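There are 2 protein chains.
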Amino acid sequence: VPTSATAVPYPVWGWGAPGQEPTAAELAALRPLLTASLGPLAEPSWGGLPEATPSRVALPDSLAALGSSEPVDRARHALGRSYLDLIRGLSGEVGPLPDLVVRPQREADVEAVLDWASASGAAVVPFGGGTSVVGGVGPVPEAAERPLVSLDLALLSGLLELDRTSRAARFAGGTLGPAADGALKPFGLSIRFFPQSYERSTVGGWIATRAAGHYAARLQHVDDLVESVRACTPVGWWESRRLPGSGAGPSPDRMLLGSEGTLGVITDAWLRVQERPTSRASAAFLTPSFPAGADAVRRLVQAGLAPATCRLIDGAEAATTGSLPPGADAGSALLVLGAESAVGPVDAELAAAAELVQDAGARRLPDRSDAGGSSDAGAAWRDSFKAAPLLRERLVLLGVLVETFETAVTWDRFAALHAGVTAATEDALQAICGGGRVTCRLTHVYADGCAPYFTVLAPARPSAEAEQWRQIKAAASDAVLAAGGTITHHHAVGRDHAPWYRQQRPAVFAQAQDAVKQRLDPHDVLNPGLWAAGGMH
Amino acid sequence: VPTSATAVPYPVWGWGAPGQEPTAAELAALRPLLTASLGPLAEPSWGGLPEATPSRVALPDSLAALGSSEPVDRARHALGRSYLDLIRGLSGEVGPLPDLVVRPQREADVEAVLDWASASGAAVVPFGGGTSVVGGVGPVPEAAERPLVSLDLALLSGLLELDRTSRAARFAGGTLGPAADGALKPFGLSIRFFPQSYERSTVGGWIATRAAGHYAARLQHVDDLVESVRACTPVGWWESRRLPGSGAGPSPDRMLLGSEGTLGVITDAWLRVQERPTSRASAAFLTPSFPAGADAVRRLVQAGLAPATCRLIDGAEAATTGSLPPGADAGSALLVLGAESAVGPVDAELAAAAELVQDAGARRLPDRSDAGGSSDAGAAWRDSFKAAPLLRERLVLLGVLVETFETAVTWDRFAALHAGVTAATEDALQAICGGGRVTCRLTHVYADGCAPYFTVLAPARPSAEAEQWRQIKAAASDAVLAAGGTITHHHAVGRDHAPWYRQQRPAVFAQAQDAVKQRLDPHDVLNPGLWAAGGMH
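Residue numbers (the working numbering), protein chains in the order written: chain A, 185 to 721; chain B, 185 to 721.
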């Protein structure tokens, strides 16, 4: 690994487990591909361990065993997983660390910590897996003068109850994706919710951020899986009744879904779970262009035929990951459809979908039989999906500015949004980085619209990476909002999206949010200042 | 029509249009069936027109043209469509009438009325189609001393915009079901949302009350059809961005969905619409018992095979509507499955569903070829579903206490809820009416639970009907909550369900609701007191 990157421990800034650190050989092998695409890359310059200011606060004796003021632990809890976070971690310029990391061992500890914080003036940022890519964990500039506690739910983990009749399971808020799914496996059940952060994100985090899984159609957001939620707020416990559906007043769960740690700490939740699929089939297609592919996907989903996996990837992006067939036009797009079922064969479902997209101009690609022996385009796609965070950090070490951003938009505005956002981002890359590439795929599809997901690659200027990205992101975000999109479909708001979120949300709704915040968190303990409408307190 | 029922005009208390009033001959024909089932019925005694107290308020000149103080108009706006409302209408004991009925002609009128009410101390109850069966329109006992305005949205009606690409349509809040669907029909589209109140309820009312359509599976509640909402609150307009999906903070729409006129007046909304179905098929089955049928339905929906129509009706209820085949055991249950599609044949879908329920013990009934020439069990069922409100008022005129109530519960608790609620309601009927019948069907099904819908029939005691029903309803509601159900799956809360809603909702969520109410409606103009947690103002 080049330069002084290892001065900050890999588990602090890196995605993988210790041992998965990028090697110099790996980086050397990647470099030519990148320079061929992006031009020369400047050698980045990294820093050392962040300065660990002394912890400004101590827990009362009754809670002291839960707290850690160990500097590396604190540094890890100051960082999410965005490009900005990677840069902060590698450069050692993390900013203020939380004064304490506190790990409740039982539900009552959460209440005690919030009580203590309310009384002592500390601010608390709930921390699930720390996989936020939008500044959802880390420093709280709005409360810089107050002691800051990172409340890590890791020890509140596991399957707490299983109702096989109703196909629902209660998980502790800090349960990681693989632990949740693994606990269901002996029962033939699956959580069937796989955000890209799956391995490192938690049930409570999914709910707090309205995460979306990798399935393109049906049950996209965790919202639809939530049967009830239990959360500790500064004024008491909030627990909704387990119900399959209800019309009794506004949904309590929907007020917590997306609350991003501002109203309460989600300690457990009942989720709807699924039978494990027993049959799968997938197929890949080439569409004449990205917009033509989007049109095919639109027809598919509006006909009710969209299979669980339905990803449209523009030619440039597909070429980058090696999934575009040789000789295919770079202006074309790759469409991967994958059906799965727990109750029977899926061939008919896939065939109906294939027929429709072929009628819409897509050309079916031959099934792959690659080196791994897999003929499953869906499986190949899932592997690269899962490995993306590891690849990303390797690019960063080579001096590439690499980040993604995503939105959702109704179909009538999709083409203009795609063109407008691509152009605005390319212009920004040209002005700020002297070049770079913007590619797009559709990650989720709905009858009335879709979720375009953009990837940016550019040569970064050493030590200016963060500022470069902030400017590019601002240009892209302005273009997203102007084109009628949402500032986020599934990455959440956090501090990074807050300026655009404030523009996007109805102003009266912002007033309502502020009123709720003030009532439930009168001492402004939880994530202070996060998207406050202003004028509160 | 017997006695003095016609002293109150039919359009005030009756469901149908003038000309659809029950005739004496109709009633005479029904009576023997009812007495055979319920025993002797006492002749009810009805009253005259409600006393129209003088209107206590006048609109300013600029709004005067929108207001009506005509007594019959006011009486109509004091009544919903519950059994209690029918009794109130027929008896003439309607209670206090609204002082004015105000019909905005344009969006700006809504704002002007709310501004005037905020300044003058009047209370405002938004009125869509007036089809509430839970005390959602009518007198406001919590603000009896204040002038009361019924804000009727009838003139804010129609299809305002259509986005065929995204399959979404913007409707004015006061648009009735048939008008909404009719406006889409020339485009081959349908609203495909058919609550039992469809003919007389409005788009805005559906959203305000989280209504559910008659389809059992998928898109049950209007929640899932809403793409964006525009509402006038006392502190300003609230309009969400049209989006197919979003993870940007808690959903603003979900705070308005189910707000039942307490936060704002819904003036228009974008709804997701559907292609009109071109193929339909249905089949009827007999299951050995109601619980056995529920088990079959559970397996169906958990396998992802539940067709759009999926109604399980217990034997006693099916016999009442003449849909139980001759010789069938009264302890059995009727299961009606109906598939439909806009893109292709549905025979395979129906066959897969039929195979599964037959494996689960259901016996397929021969297709019907009844007098009308219809062999479509689904169509027969829809006809009786639509006519139910008309039948109900005929029963009431004959002295029958007849009402429905509904809930939703997870599958693990379904059998105990069904048994417990049936027993508690039967006990109450025995004690209060000296007998009567409780039957049940499932109206909506989910992977994790279902929505049981109960019908009560009993001999009513003349002039004591309202008090009798209140006692029965209280016993039933207590049993519903004790068994883990919701006080309502799709009838909404209103004033009738408020005591149980207060028990059901999380206490901290109630605090949040109060905080929002105080911030958005500081003068407590909209539906004052409706489900207030107490302690406000």
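Ideal placement from N, C-alpha and C gives every residue a C-beta, glycine not left out. Predicted model, so just to flag it, every value in this text is computed and none were measured.
Cβ-based burial, residue i [other Cβ within 10 Å; buried from 16]
i	result
residue 539 (chain A)	exposed
residue 217 (chain A)	exposed
residue 458 (chain A)	buried
residue 571 (chain A)	exposed
residue 468 (chain B)	buried
residue 290 (chain A)	exposed
residue 708 (chain A)	buried
residue 246 (chain B)	exposed
residue 248 (chain A)	exposed
residue 577 (chain B)	buried
residue 511 (chain B)	exposed
residue 554 (chain B)	Unreliable positioning characterises residue 554 (chain B) in this predicted model, as indicated by a pLDDT of 44, which lies under 50. The coordinate reading is nonetheless provided below. Looking at its Cβ environment, which holds fewer than 16 other Cβ atoms inside 10 Å, residue 554 (chain B) is exposed.
residue 615 (chain A)	exposed
residue 198 (chain B)	buried
Span of the alpha helix (DSSP H), counted from its first residue to its last, around residue i
i	result
residue 541 (chain B)	531-543
residue 450 (chain A)	Where residue 450 (chain A) is concerned, there is no enclosing alpha helix (DSSP H), although the beta strand (DSSP E) it sits in stretches over 449-456.
residue 693 (chain B)	691-704
Alpha-carbon spacing of residue i relative to residue j, whole angstroms
i	j	result
residue 507 (chain A)	residue 701 (chain A)	47 Å
residue 574 (chain A)	residue 703 (chain A)	42 Å
residue 473 (chain A)	residue 546 (chain A)	9 Å
residue 690 (chain A)	residue 541 (chain B)	47 Å
residue 378 (chain A)	residue 435 (chain B)	22 Å
residue 722 (chain B)	residue 418 (chain A)	Past the boundaries of the shown model lies residue 722 (chain B); chain B is included only from 185 to 721, so the question cannot be answered.
residue 306 (chain A)	residue 697 (chain A)	22 Å
residue 252 (chain A)	residue 231 (chain A)	24 Å
residue 605 (chain A)	residue 680 (chain A)	18 Å
residue 335 (chain B)	residue 365 (chain B)	24 Å
residue 667 (chain B)	residue 344 (chain A)	21 Å
residue 675 (chain A)	residue 714 (chain A)	15 Å
residue 603 (chain A)	residue 386 (chain B)	38 Å
residue 569 (chain A)	residue 382 (chain A)	11 Å
residue 207 (chain A)	residue 201 (chain A)	14 Å
residue 559 (chain A)	residue 318 (chain B)	For residue 559 (chain A), the predicted structure reports a pLDDT of 47, less than 50, and the residue's modelled location is therefore unreliable. A value from the coordinates is still provided. Approximately 57 Å between the Cα atoms of the pair.
residue 460 (chain A)	residue 369 (chain A)	8 Å
residue 250 (chain B)	residue 706 (chain B)	25 Å
residue 491 (chain B)	residue 462 (chain B)	15 Å
Cβ pair residue i, residue j closer than 9 Å
i	j	result
residue 593 (chain A)	residue 428 (chain B)	yes
residue 517 (chain A)	residue 477 (chain A)	yes
residue 664 (chain B)	residue 613 (chain B)	no
residue 406 (chain B)	residue 394 (chain B)	yes
residue 496 (chain B)	residue 626 (chain B)	yes
residue 375 (chain B)	residue 453 (chain B)	no
residue 396 (chain B)	residue 404 (chain B)	yes
residue 276 (chain A)	residue 262 (chain A)	no
residue 308 (chain A)	residue 322 (chain A)	no
residue 256 (chain B)	residue 712 (chain B)	no
Opening and closing residue of the beta strand (DSSP E) in which residue i lies
i	result
residue 267 (chain B)	That residue, residue 267 (chain B), is in no beta strand (DSSP E); its alpha helix (DSSP H) goes 267-275.
residue 630 (chain B)	621-630
residue 651 (chain A)	Counting along the chain, residue 651 (chain A) falls outside any beta strand (DSSP E), though it belongs to the alpha helix (DSSP H) covering 649-666.
Residue i at chain E interface by Cβ criterion, 9 Å
i	result
residue 474 (chain B)	Going by chain labels, chain E is absent from the structure shown, which instead holds the protein chains A and B.
When you check each C-beta in the stretch 426-440 of chain B against every C-beta of chain A, which residues fall closer than 7 Å?
426, 427, 428, 429, 430, 431, 432, 433, 434, 435, 436, 438, 439
Residues of the stretch 696-713 of chain B with Cβ closer than 9 Å to any Cβ of chain A, in chain order:
696, 697, 698, 699, 700, 701, 702, 703, 704
Closer than 8 Å between beta carbons: that is the criterion. Which residues of the stretch 363-379 of chain A meet it against chain B?
none
Chain A contacts made by the stretch 628-651 of chain B, where a contact means CB separation under 9 Å
628, 629, 630, 631, 632, 633, 634, 635
Got a sec: which bits of the stretch 252-282 of chain A sit with their beta carbon under 9 Å from any beta carbon on chain B, in order along the chain?
none
Closer than 7 Å between beta carbons: that is the criterion. Which residues of the stretch 476-487 of chain A meet it against chain B?
486, 487
What residues in the stretch 519-545 of chain B bring their beta carbon closer than 9 Å to a beta carbon of chain A?
525, 526, 527, 528, 532, 536, 540
Determine which residues of the stretch 675-689 of chain A have a Cβ less than 9 Å from any Cβ of chain B, and write them out in chain order.
675, 676, 677, 681, 684, 685, 688, 689
Interface residues of the stretch 408-419 of chain A facing chain B [CB-CB below 7 Å]
411, 417, 419
Which of the residues in the stretch 344-358 of chain A, read from start to end, lie with their CB under 7 Å from any CB of chain B?
347, 349, 350, 351, 352
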